[in-house]
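Residue numbers (my numbering): 75 to 327.
This is the structure we're talking about:
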C-alpha cells in the first residue's frame, strides 16, 4: 500500500473528486479525515470507508472559518497523532461574470473559499510538517488557474492565485522535506456547478469558445489517481508544480 499508516486530510471530501481521493487514500492505507461543510454526506463517506476496512473520520468544516480549519487539523493530531498529507480540494465556481460585472462580496466569498481557505490550512499544517521535516500538500487548482477562458474573472483569479501559492510554497520549503503540488483538472464530472449562482450570460457565452475544444469529460477517480501519485513516494522529486489532468483540453491553447 502506497500510503500505509499515513494521516491525510481531504477538504470537500463528501462528494465527487474529494470523495474519490479520500476513498483511494484509505484503500492505500491512509487514515483519512473527511472534511466537508455537508456533515451528513461526509459521515456517509466515512461510514463507507470504515465498512470497507479503511480508517476515516468525518468532520464538519466551513473552509472560510479559521476556527473550523484549526479544529480540522487539531482533530487529525488528536485522533491519529500526526498529519502527513493535506489535500485542499474544497472550492466553488463563479457565475462566469467578467470584471465589469463583479460584486465585491462575491469576489471576497470565492477568494475566501478557493484561496484563503487553502492558505489557512497550509499555514496551520506547516509547524507540524516543519517539526517532522516532511509533509505533502496537494491543492486542486483547476485549468481555470492556467488560462483566462475557462470560467469567470473571480474563479480564474482565485485559482491563478492558488497556483502561485502552490509554487511558492513548494520552493520555499523544498529543503525542509515538504512538497507542495497542484492538480489542474479539466472538464470533470463534479458537482461544482451546484455552487454557481446568477449566471452571467455574456461571460458564459464567451467561455463557450474554450468549452468547444473539450475533447472528453473525465471522472473523479482519474483525478484521485493523480492525487495518490502526488501523495506517495512515487513523486518524491516532484515539487512546486501543477499537474494538468484534462484529457488534452489545454493542449489546444
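Idealized CB from N, CA, C, for every residue including glycine.
Fair warning: this is a prediction, and the values are worked out from it, not measured in the lab.
Every unbroken stretch of the beta strand (DSSP E) spanning 3 or more residues and falling wholly within the segment 99-186 is given here in chain order: 105-110, 129-134 and 159-162. The C-beta separation of residue 110 from residue 138 comes to about 13 Å, leaving the pair out of contact by the 8 Å criterion. Contact between the segment 99-118 and the segment 174-183 is absent: fewer than 3 CB-CB pairs across the two stretches fall below 8 Å.
Runs of the beta strand (DSSP E) lying entirely within the segment 231-271, each at least 3 residues long, are 252-259 in chain order. Taking the C-beta atoms as reference points, residue 277 is found no nearer than 9 Å to residue 319.
Residue pairing by DSSP places residue 317 opposite 257 in a beta bridge.
Beta-bridge analysis with DSSP links residue 83 to 107 and 160.
DSSP, read as helix, strand or coil, puts residue 188 in helix. If you draw a straight line from the Cα of residue 302 to the Cα of residue 77, it comes to about 8 Å.
Inter-residue distance for residue 321 and residue 307 is about 25 Å (C-alpha atoms, whole angstroms).
Ranked by Cα distance from residue 324, the first of 290, 312, 129 and 239 is 290.
In this structure, DSSP gives residue 291 a state outside helix and strand, which the three-state scheme calls coil. Taken through DSSP and simplified to helix, strand or coil, residue 215 comes out as coil. Around residue 204, the same chain offers 250 as residues with beta carbons nearer than 7 Å, after the five sequence neighbours per side are excluded. A direct Cα-Cα distance of roughly 22 Å separates residue 197 from residue 317. In the DSSP assignment, residue 210 forms a beta bridge with 159 and 253. Within the model, the alpha-carbon separation for residue 159 versus residue 75 is close to 15 Å. In this chain, the alpha helix (DSSP H) harbouring residue 275 covers 275-285. Contact annotation, residue 284 with residue 223: C-beta distance approximately 4 Å; criterion of less than 8 Å satisfied.
In this structure, the beta-carbon distance from residue 298 to residue 327 does not fall below 9 Å.
In this structure, DSSP gives residue 204 a helical state, which the three-state scheme calls helix.
In the three-state scheme derived from DSSP, where H, G and I count as helix and E and B as strand, residue 228 is classed as helix. Judged by DSSP in its simplified three-state form, residue 309 adopts helix.
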